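In terms of UniProt numbering, the sequence shown opens at residue 1 and continues consecutively. Here's the structure we're looking at; comments come further down.
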Amino acid sequence: MPFDSFDIKSLIRPVIDFPKPGVIFRDITPLFQSPTALRQVMDSFAHRYVEADFTHIGAMDARGFLIGSVLAYQLNKPLVLFRKQGKLPADVLAEGYATEYGEAFLEVHADSLCEGDSVVMFDDLIATGGTLIAAANLIRRMGARVHEAAAIIDLPELGGSQRLQDMGIPTFCLTRFALTDK
1 MPFDSFDIKS LIRPVIDFPK PGVIFRDITP LFQSPTALRQ VMDSFAHRYV
51 EADFTHIGAM DARGFLIGSV LAYQLNKPLV LFRKQGKLPA DVLAEGYATE
101 YGEAFLEVHA DSLCEGDSVV MFDDLIATGG TLIAAANLIR RMGARVHEAA
151 AIIDLPELGG SQRLQDMGIP TFCLTRFALT DK
């Protein structure tokens, strides 16, 4: 089934002024309600990474969990969950970061990765890159490396993909939106 970026974009709902005035939130839930579109998204990612040299899938809380868990299953890779602060029960490493809306902390179980591991990180979108940069810092603190950061959507005007690339982290997104796209 060929991937159609326009078709996927048409299933991403713009929500004006959410979570604050002036922001257009990109809601992927309609995309996940379409079995055909969901299969296209997951198959596109699986095709990209099926022969890639990495050891783990990293999934960002919470929408990244939807993508990462399916791909961990499809690619037979261990899944590492990067959670919002206070959600993990064992010893954690934490990393603070700035979001478009304020400040937050990302946590991961301290024993999730080892030296030599390589991670493909997944989230629903790359905006300022704060969440993925925090995850990359956590991955590096455990002695592992980031193979690539991937998402369904890139918002290039917010600079997140460029910030990740400036850190030596390649990025891959299935589609992109300008900030003014409705």
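The beta-carbon is built from N, C-alpha and C at its ideal position, and this holds for glycine as well. Here the structure is a predicted model, which is why all the values come from computation and not from measurement.
For residue i, which of helix, strand or coil comes out of DSSP?
i: GLY143; result: coil
i: ASP166; result: helix
i: GLU95; result: strand
i: GLY22; result: coil
i: MET1; result: With a pLDDT of only 48 at MET1, under the threshold of 50, the placement of this residue in the model should not be trusted; the figure read from the coordinates follows. It is coil, neither helix nor strand.
i: VAL50; result: coil
i: PRO35; result: helix
i: ILE8; result: helix
i: ALA72; result: helix
i: GLU115; result: coil
i: ILE133; result: helix
i: ILE16; result: strand
i: ILE57; result: strand
i: LEU125; result: strand
i: ARG45; result: Checking the sequence shown, residue 45 turns out to be Phe, not Arg. DSSP places PHE45 in helix when its eight states are reduced to three.
i: THR180; result: coil
i: ILE67; result: helix
i: LEU88; result: coil
i: LEU155; result: coil
Use the C-beta contact count for residue i: other C-beta atoms within 10 angstroms, 16 or more gives buried, fewer gives exposed.
i: GLN162; result: exposed
i: HIS47; result: exposed
i: LEU155; result: buried
i: ARG141; result: exposed
i: THR131; result: buried
i: ASP111; result: exposed
i: ASP181; result: exposed
i: VAL50; result: exposed
i: ALA90; result: exposed
i: THR171; result: buried
i: VAL52; result: According to the sequence shown, residue 52 is Ala rather than Val. Answer is exposed; the Cβ neighbour count stays below 16.
Under 7 Å Cβ to Cβ from residue i, same chain only, skipping five residues before and after it: list those, please.
i: GLU103; result: GLY96
i: VAL146; result: VAL119, MET121, ALA136, ILE139, ILE169
i: LEU11; result: PRO30, LEU31, SER34, ALA37
Below 8 Å on the Cβ atoms is my guess for residue i versus residue j; work out the distance and round it to an integer in Å.
i: ALA94; j: PHE105; result: 5 Å
i: LEU113; j: VAL80; result: 6 Å
i: ALA127; j: LEU158; result: 5 Å
i: ILE8; j: GLN40; result: 7 Å
i: ARG26; j: ILE153; result: 5 Å
For residue i, which residues of its own chain have a beta-carbon under 6 Å away from its beta-carbon, when the five flanking residues on both sides are left out?
i: PHE122; result: ALA59, GLY64, ILE67, GLY68, ALA150
i: GLY129; result: GLY160, ARG163, LEU164
i: VAL108; result: PHE82, LEU93, LEU138
i: ALA72; result: ILE57, LEU79
i: LYS84; result: ASP61
I'd like the list of long-range same chain contacts for residue i, defined as Cβ closer than 8 Å, with 5 residues on each side in sequence excluded.
i: MET167; result: ILE133, ALA136
i: ARG176; result: ILE153, ASP154, LEU155, PRO156
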